[in-house]
Amino acid sequence: MKLLFNRVFDGAAEMYAKAESEVSAVIAELGESAPMKMPDTAYHLSCIYAYLGRKVTTLGELREALTEVKSKMTSNQRLKDAFSSGIGTAIAAEIIEAAKYARNAAPYEGTKYHGHFSDAEVRELGVPLVTRDIPGFVVIIGPAPSQEEAVELIKGYQSRGIFAFLIGGIIDQAIGGGVGLGFPVRVVPVGEDIWSVGHIISLVVRAAMIFGAVQPGDWEEFNEYSFHRIFAFVNAFAPVPDITVACGGGAIAMGFPVITDDENDIWVVPKSLIIQKNTKDFIETSLEARDIKIKVTNIDIPVAFSSAFEGEIIRRKEMRVDIDGATTDCFELVRMRDLADVEDHKIVVDGPDIDAVEVGGKMQLGTIVEVAGKNMQSDFEPVLERKFHAFLNCIEGVMHTGQRDMIRVRLSNTAYDAGFRVRHFGEVLYAKLKSDYDAVIDKVQITLVTDPAKLKALRAEANKSYDARDERLKNLTDESVEVFYNCIMCQSFSPSHVCVVTPERLGLCGAVSWLDAKATNELDPNGPCQLVTKKNVIDENLGAYEDINESVAKYSHGALTNVTLYSILQDPMTSCGCFECICGIEPLSNGVSIVNREHMGMTPLGMTFSEMASMTGGGVQTPGFMGHGKHFIASKKFLKAEGGIARIVWLPKDLKEQVRDKLNATAKDLYGIDGFADMIADESVVEEDPEALLAFLTEKGHPVLSMEPLM
Ligand code: SF4
Ligand code: ZN
Numbered sequence: 001m002k003l004l005f006n007r008v009f010d011g012a013a014e015m016y017a018k019a020e021s022e023v024s025a026v027i028a029e030l031g032e033s034a035p036m037k038m039p040d041t042a043y044h045l046s047c048i049y050a051y052l053g054r055k056v057t058t059l060g061e062l063r064e065a066l067t068e069v070k071s072k073m074t075s076n077q078r079l080k081d082a083f084s085s086g087i088g089t090a091i092a093a094e095i096i097e098a099a100k101y102a103r104n105a106a107p108y109e110g111t112k113y114h115g116h117f118s119d120a121e122v123r124e125l126g127v128p129l130v131t132r133d134i135p136g137f138v139v140i141i142g143p144a145p146s147q148e149e150a151v152e153l154i155k156g157y158q159s160r161g162i163f164a165f166l167i168g169g170i171i172d173q174a175i176g177g178g179v180g181l182g183f184p185v186r187v188v189p190v191g192e193d194i195w196s197v198g199h200i201i202s203l204v205v206r207a208a209m210i211f212g213a214v215q216p217g218d219w220e221e222f223n224e225y226s227f228h229r230i231f232a233f234v235n236a237f238a239p240v241p242d243i244t245v246a247c248g249g250g251a252i253a254m255g256f257p258v259i260t261d262d263e264n265d266i267w268v269v270p271k272s273l274i275i276q277k278n279t280k281d282f283i284e285t286s287l288e289a290r291d292i293k294i295k296v297t298n299i300d301i302p303v304a305f306s307s308a309f310e311g312e313i314i315r316r317k318e319m320r321v322d323i324d325g326a327t328t329d330c331f332e333l334v335r336m337r338d339l340a341d342v343e344d345h346k347i348v349v350d351g352p353d354i355d356a357v358e359v360g361g362k363m364q365l366g367t368i369v370e371v372a373g374k375n376m377q378s379d380f381e382p383v384l385e386r387k388f389h390a391f392l393n394c395i396e397g398v399m400h401t402g403q404r405d406m407i408r409v410r411l412s413n414t415a416y417d418a419g420f421r422v423r424h425f426g427e428v429l430y431a432k433l434k435s436d437y438d439a440v441i442d443k444v445q446i447t448l449v450t451d452p453a454k455l456k457a458l459r460a461e462a463n464k465s466y467d468a469r470d471e472r473l474k475n476l477t478d479e480s481v482e483v484f485y486n487c488i489m490c491q492s493f494s495p496s497h498v499c500v501v502t503p504e505r506l507g508l509c510g511a512v513s514w515l516d517a518k519a520t521n522e523l524d525p526n527g528p529c530q531l532v533t534k535k536n537v538i539d540e541n542l543g544a545y546e547d548i549n550e551s552v553a554k555y556s557h558g559a560l561t562n563v564t565l566y567s568i569l570q571d572p573m574t575s576c577g578c579f580e581c582i583c584g585i586e587p588l589s590n591g592v593s594i595v596n597r598e599h600m601g602m603t604p605l606g607m608t609f610s611e612m613a614s615m616t617g618g619g620v621q622t623p624g625f626m627g628h629g630k631h632f633i634a635s636k637k638f639l640k641a642e643g644g645i646a647r648i649v650w651l652p653k654d655l656k657e658q659v660r661d662k663l664n665a666t667a668k669d670l671y672g673i674d675g676f677a678d679m680i681a682d683e684s685v686v687e688e689d690p691e692a693l694l695a696f697l698t699e700k701g702h703p704v705l706s707m708e709p710l711m
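Taking our numbering, I'd label the letters of the sequence shown as residues 1 to 711.
This is how it looks when you write it as structure tokens:
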């Protein structure tokens with residue numbers, strides 16, 4: 001029997017040899033000075049950058065990094081050597097994959113494999129991770145003993161919200177078994193060979209740099225971070241070759257347990273390397289090993305319900321019925337009622353059910369949810385209503401978009417065939433509202449109206465409620481409220497980050513408005529959102545208050561002492577990493593460029609989203625750069641200290657369209673300018689040339705040109 005240590009060392013040597021030959025081959029082909037860059041990341045070759053502190057930009061530097069990896073692959077018979085050899089193996093794996101990207105910027109395009117993850121994808125994981133919507137990650141290295149078992153395992157993880165990365169033969173088994181794959185449904189076919197594990201480690205170390213501000217080169221800190229904050233583990237099916245065992249050594253060093261059914265020549269390491277002969281028990285053993293507890297809400301529906309289905313897309317040909325609020329009368333409404341007027345768990349369907357609609361046809365739906373509770377407030381109505389989107393999307397076979405009377409819901413044939421009917425929308429809303437909001441909701445009754453004859457009048461009535469709420473929101477300004485809230489939800493990844501959420505400045509993730517924070521605070525007074533008073537003003541224009549500083553100092557554990565609400569230059573608010581947009585100063589025009597996560601192209605700062613985003617994060621203040629939510633862009637408080645939204649000189653076209661109306665209205669109010677959105681450049685007029693940007697602004701008479709210099 002070969003010792004476990006020797007299997008790690010032999011596997012590491014094998015990975016190293018492969019990396020060496022790949023690097024030699026690609027250098028022979030393209031030369032030492034050829035550029036080496038992974039797409040859509042500002043973290044270079046992230047494993048090398050993280051563990052060795054080297055920024056690889058050419059193939060020559062790639063070779064130098066490889067040489068350093070060799071020195072890490074020590075092979076004395078000690079645990080420390082096995083761990084560092086394991087990490088060395090992960091870096092070598094990244095190098096093998098990188099060689100593919102040196103030849104072709106998109107080597108996996110058109111294949112079934114995902115390959116490299118963009119920084120935007122890493123950031124997208126921020127919110128679901130902190131809310132424990134994604135309770136963990138599994139890396140499955142297969143094939144499983146059978147296709148059925150592969151499907152069962154993947155679906156088992158999916159139904160628990162666990163994000164699954166697949167490597168090797170399990171991918172074809174998943175495809176053969178009809179499992180939907182992709183980043184949005186949280187099952188990602190990473191690659192065919194074991195070295196594609198490099199992409200996963202790259203994602204992990206970037207999470208540590210982005211959210212945790214872990215410094216490149218600090219090997220120990222990376223392992224600390226992944227151990228404490230990334231709930232990952234590995235399932236490796238027998239037979240496990242040495243090269244995979246070596247990767248397992250790396251995983252264990254990072255704090256990720258490995259569960260396998262391979263009994264040959266594998267030694268057990270308590271809590272870290274676990275043999276589970278019965279592959280059907282992989283899930284249970286894995287969750288226990290990584291100490292992941294999953295909250296289950298029992299919902300009486302005939303299909304699965306899990307956050308993993310949130311990103312599921314139902315195509316037209318898979319669609320049983322289309323509930324289309326854009327062309328017909330549909331709406332969703334939450335109303336607060338007196339306790340005596342609500343009968344708990346009463347669900348009424350008023351009108352024909354799905355059976356009456358031809359396959360692929362349209363139907364109408366108005367959802368009225370009446371809630372009552374001793375601690376309920378009418379301010380929570382919109383907070384609850386906005387949750388419908390997430391709740392209904394978690395149903396397997398349901399796709400939901402929009403809100404209020406502009407909703408669109410698609411139901412798949414599969415869900416219909418399984419027995420899903422209109423009533424089940426009610427069951428889901430009932431169960432989730434009761435379990436997630438039990439602090440404010442005592443009773444819920446739901447009416448699902450599908451009768452077109454009744455919907456017109458009901459929709460008009462619902463619109464009156466929306467209008468009344470909008471009126472209230474309009475009057476809800478930073479000045480009109482007594483308190484703000486801080487949010488420290490992201491501290492599980494960014495230990496010193498604190499968001500201050502005000503009526504006019506929502507959390508940078510875009511998911512937490514002042515009302516949301518208020519509701520969160522009332523639901524759980526010791527939870528992530530705390531009251532912040534604003535009694536002692538230091539400077540109103542900056543949004544600087546003594547009480548806010550005190551609160552931030554307390555909740556950042558002393559890391560931050562001064563924060564302003566309205567400035568990008570003086571003590572700006574920090575970022576965790578999951579911001580929707582990033583804004584940075586464009587010196588030539590004296591303005592700022594804003595770019596959202598979805599935009600892949602260049603900006604006039606000469607940086608992409610990823611590159612700009614890498615300038616800030618991890619709870620550190622970085623004057624000149626600021627992460628923020630989309631809805632903050634049109635706020636009267638946006639960059640108020642620097643003159644307001646008139647500083648915005650560039651926005652991606654898509655984003656501009658999303659905020660156009662509000663932006664124009666704010667500019668009209670603040671400066672009396674009409675059509676401000678059209679004065680702002682986008683990628684259709686200029687991508688990365690500041691001179692061209694300035695020319696455009698001059699032509700449009702953009703107000704920034706007459707403002708004081710920023711710096
Ligand atoms: Fe994280 Fe801030 Fe959003 Fe809270 S408001 S979840 S701290 S980004
Ligand atoms: Zn965050």
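By construction, the Cβ of each residue, glycine as well, lies at the ideal position given by its N, Cα and C atoms.
Query	Result
For residue 403, does the three-state DSSP call read helix, strand or coil?	strand
Pull up the distance between the alpha-carbon of residue 576 and that of residue 525, whole angstroms please.	23 Å
Just list the residues that DSSP pairs residue 277 with in beta bridges.	Paired residues: none, contrary to the question.
Just to confirm before moving on: does the CB-CB distance between residue 96 and residue 195 stay below 8 Å?	yes
Could you check how far apart the C-beta atoms of residue 555 and residue 486 are, in whole angstroms? I think they sit under 8 Å.	6 Å
Does the Cβ of residue 494 lie closer than 7 Å to at least one heavy atom of the ligand ZN?	yes
Using alpha carbons as the reference points, say which of 296, 115, 66, 573 lies closest to residue 135.	296
Among 166, 55, 94, which has the Cα closest to the Cα of residue 235?	166
Going by the C-beta, is residue 453 closer than 7 Å to any heavy atom of the ligand SF4?	no
Quick one: Cα of residue 659 to Cα of residue 645, how far?	12 Å
If you measure between the beta carbons of residue 492 and residue 619, is that distance less than 8 Å?	no
Can residue 488 be considered in contact with the ligand SF4, in the sense that its beta carbon sits closer than 7 Å to one or more heavy atoms?	yes
With DSSP as the reference, label residue 417 as helix, strand or coil.	helix
Mind reading off the beta-carbon distance from residue 171 to residue 184? Whole number of angstroms is fine, and I expect it under 8 Å.	Not really, about 17 Å apart at Cβ, beyond 8 Å.
So what's residue 671 in DSSP terms, helix, strand or just coil?	helix
For the candidate residues 428, 118, 477, whose alpha-carbon lies nearest to that of residue 515?	477
What does a CB cutoff of less than 6 Å around residue 610 pick up in its chain, not counting 5 residues either side in sequence?	40, 41, 42, 119
I'd like to confirm something about residue 127: is its beta-carbon nearer than 7 Å to some heavy atom of the ligand ZN, or not?	yes
Assuming residue 670 and residue 633 form a contact by the criterion Cβ under 8 Å, report the distance between their Cβ atoms to the nearest whole angstrom.	That belief does not hold up - the Cβ atoms of residue 670 and residue 633 are roughly 13 Å apart, past 8 Å.
Can you check DSSP and say which residues form a bridge with residue 438?	Partner(s): none; residue 438 has no beta bridge.
To the nearest angstrom, how far is it from the Cα of residue 571 to the Cα of residue 623?	7 Å
Looking at residue 130 and the ligand ZN, is the gap between the Cβ and the nearest heavy atom below 7 Å?	yes
Going by alpha carbons, who is nearest to residue 402 out of 333, 443, 446, 413?	333
Mind pulling the beta strand (DSSP E) runs of 3 or more residues that sit fully within the region 287–344?	319–324, 331–336
Please name the residue in 52, 169, 55, 113 whose C-alpha comes closest to that of residue 199.	113
Can you grab the Cα-Cα spacing for the pair residue 504 / residue 323, in whole Å?	33 Å
Answer yes or no: the CB of residue 501 versus the heavy atoms of the ligand SF4, is any distance below 7 Å?	yes
Taking 7 Å as the cut-off, is the CB of residue 508 close to at least one heavy atom of the ligand SF4?	yes
From the DSSP output, read off the bridge partner residues of residue 408.	324, 401
Please report the distance separating the alpha-carbon of residue 272 from that of residue 116.	27 Å
For the alpha helix (DSSP H) that contains residue 204, what are its first and last residues?	197–212
Thinking C-beta only, is residue 38 closer than 8 Å to residue 92?	no
Mind listing, in chain order, the continuous beta strand (DSSP E) runs of no fewer than 3 residues lying wholly within the region 471–543?	483–487, 499–501, 529–533, 537–539
Quick one: what's residue 545 bridged to in DSSP?	537
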